[in-house]
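For the sequence shown, the positions run 49 to 435 when the working numbering is used.
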Amino acid sequence: MEQLVEKYANKLVGAGLAEPGAPLVGGLDADLAWNRTDPDCGLLEEVFNALSINSLVFSRPAEPYKSIIDHLAKHSQGTLTPNDCETRTFLHDLPVAREFSSQAIIQALSRRKSVIIPGKGIVAPGTVSPEQGFVTFSSVCFACFVKFFADYLSGIRDGKVSAAQQETFDRVVSLPPPPVPDLPRLMRGPFTTDEEVHKALCQAGKKTVDYGLVDSYFGNISYCLKDTVYISRTGSSLDELYGMIDPCPMDGSSCAGLTASSELTAHMEIFSRTSNRAVLHGHPKFAVILSLDCDRKDCPAMGRCHLECPEKRFVRDIPIVPGEVGTGPFGLCRTVPPAIKDRRGVIVYGHGVFTAAEDDFNKAFESLIFVENACREEYFTRTRIRR
């Protein structure tokens with residue numbers, strides 16, 4: 049357990065979610081172990097005693113998340129309700145506690161997976177390992193980032209940006225941007241063996257996380273070789289895919305798909321409809337933010353945008369489509385495959401981006417970065433024009 053708490057404290061810092069020395073991660077095995085000593089350990093141990101958990105992550109977020117989350121929490125009514133897919137599917141809403149006390153934390157965590165304490169940080173527990181707290185912490189930061197920038201763009205359009213909102217926006221966008229790395233040189237395909245496919249998936253998956261194109265364990269990746277789809281397993285982290293890749297025959301003759309990504313069917317449909325053999329799905333932030341931007345106030349699908357949208361929407365030449373996880377009537381397997389044909393990628397409402405390529409992941413990765421950069425540029429164009 050000592051190694052695990054240290055690992056996920058370091059991952060929070062490595063992902064840019066917390067400053068060095070800030071994360072406090074605890075794990076309960078035979079004894080309760082912390083990654084470091086801290087005066088807050090005593091209070092958080094009361095949380096362990098009151099809840100059926102075996103791990104907990106607590107930290108003040110790094111910028112820009114700190115300013116964004118403090119602003120949203122300060123002006124909330126006790127709960128934040130982002131509209132992104134991760135929150136809607138896994139978190140539902142984000143409770144805000146007005147004091148840093150064991151009672152307030154326990155009350156919030158008894159019904160949700162996290163709690164935000166303004167000016168103090170985020171607390172996220174786990175029942176199996178510290179990875180769960182890390183995933184939740186990361187998802188809270190992602191959801192709040194998307195909500196803040198989406199709310200600001202909507203406010204600009206409606207002329208309802210508050211002074212506090214504008215001040216936070218100006219402070220966040222003035223922060224030095226992270227360095228932009230060169231495109232990675234990924235393995236060249238087409239791949240002809242299982243071993244090559246596994247190596248290519250692990251390499252491209254890790255780079256997708258390293259480049260900030262997906263948060264926590266969300267996103268998925270696949271490659272089709274000889275009518276078998278090799279795809280990341282559900283709940284896997286794209287930067288740790290070794291042993292977490294399922295080979296799923298296209299004809300469904302294996303039960304491997306039971307543990308495969310929940311978006312397996314969407315990947316298979318892309319392979320069936322196109323000449324592509326590599327699919328990459330990430331959650332880049334500004335693509336998700338722009339997918340939520342719509343100026344129709346009288347739309348008959350209002351409130352169901354993630355399921356069905358009567359409008360043909362684009363960012364440049366990249367389509368934005370609705371769709372939910374799974375194979376239901378509004379599933380991604382029905383909306384993404386036809387939209388991605390002859391396109392660099394597809395943005396899914398509140399969800400993320402799918403890209404594909406014929407031989408390997410180089411073009412798919414380049415397209416994922418292209419879509420996110422295009423969305424970032426378009427976002428700031430829209431905010432400037434409407435101010």
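From the three backbone atoms N, C-alpha and C, an ideal C-beta is built for every residue, glycine too.
Per DSSP, the bridge partner or partners of residue i
| i | result |
| --- | --- |
| H329 | N268, F402 |
| T127 | P143 |
| K164 | Checking the sequence, you will find Ile at residue 164 rather than Lys. Answer is V144, I170. |
| L273 | T276 |
| S109 | Before going further, note that residue 109 is Pro rather than Ser in the sequence given. For P109, which the question treats as bridged, DSSP gives the partners A66. |
| A314 | DSSP output for A314 lists no bridge partner at all. |
| L80 | L76 |
| A308 | R281 |
Nearest-angstrom Cβ-Cβ length linking residue i and residue j, presumed shorter than 8 Å
| i | j | result |
| --- | --- | --- |
| A405 | A326 | 5 Å |
| R392 | F418 | 6 Å |
| F185 | L60 | 7 Å |
| R108 | A70 | 5 Å |
| Y113 | F193 | 6 Å |
| P370 | Y397 | 5 Å |
| V401 | G330 | 6 Å |
| T175 | S100 | 7 Å |
| K122 | P178 | About 28 Å separates the two Cβ atoms, so there is no contact after all. |
| L234 | D407 | Between D407 and L234 the Cβ distance is about 11 Å, and since that is not below 8 Å, they are no contact. |
| R321 | P367 | Contact flag wrong, Cβ pair sits at about 15 Å. |
| S296 | A308 | Looking at the sequence itself, residue 296 is Cys, so the reference to Ser does not match. 5 Å between Cβ atoms; contact. |
| L92 | L104 | 6 Å |
| L128 | K195 | 7 Å |
Where residue i sits in the DSSP three-state scheme
| i | result |
| --- | --- |
| T375 | coil |
| Y397 | coil |
| Y278 | strand |
| C89 | helix |
| D295 | The question names Asp, but residue 295 in the sequence shown is Pro. P295 falls in the strand class under three-state DSSP. |
| P367 | strand |
| V73 | strand |
| L234 | coil |
| S103 | strand |
| R440 | Here the chain has residues from 49 to 435 only, and residue 440 is not among them. |
| P224 | coil |
| G181 | helix |
| Y290 | coil |
| V257 | helix |
| L355 | coil |
| L52 | helix |
| F239 | coil |
| T322 | coil |
| D341 | coil |
| K208 | coil |
Buried/exposed call for residue i, threshold 16 Cβ in 10 Å
| i | result |
| --- | --- |
| N97 | exposed |
| T240 | exposed |
| A280 | According to the sequence shown, residue 280 is Ser rather than Ala. S280 is buried by the Cβ-count criterion. |
| Q151 | exposed |
| L380 | buried |
| S162 | buried |
| P68 | exposed |
| F428 | exposed |
| D390 | exposed |
| M298 | exposed |
| M316 | buried |
| E425 | exposed |
| T85 | exposed |
beta-carbon residue i near the ligand SAM non-hydrogen atom, thresh 7 Å
| i | result |
| --- | --- |
| F418 | The ligand SAM is absent from the structure shown, which contains no ligands of any kind. |
Item to check | Segment contact, 8 Å Cβ cut-off, at least three pairs: the region 269–283 with the region 339–353 | outcome: Inter-segment contact for the region 269–283 and the region 339–353 is absent: fewer than three beta-carbon pairs are separated by less than 8 Å.
Next on the checklist: When you compare the region 202–209 with the region 133–141, are there three or more beta-carbon pairs, one atom per stretch, that lie closer than 8 Å?
Outcome noted: Here the region 202–209 makes no contact with the region 133–141; the two share fewer than three CB pairs at distances below 8 Å.
Next on the checklist: Within 8 Å, do at least three Cβ pairs link the region 100–117 to the region 162–179?
Outcome noted: Touching, per the Cβ criterion.
Checklist entry - For the region 288–300 against the region 212–220, are there 3 or more C-beta pairs whose distance is under 8 Å? => result By the Cβ rule, the region 288–300 does not count as touching the region 212–220, because fewer than three pairs are nearer than 8 Å.
Item to check | Given 8 Å, three or more beta-carbon pairs between the region 249–256 and the region 409–417 | outcome: Counting Cβ pairs under 8 Å, three or more are found: they touch.
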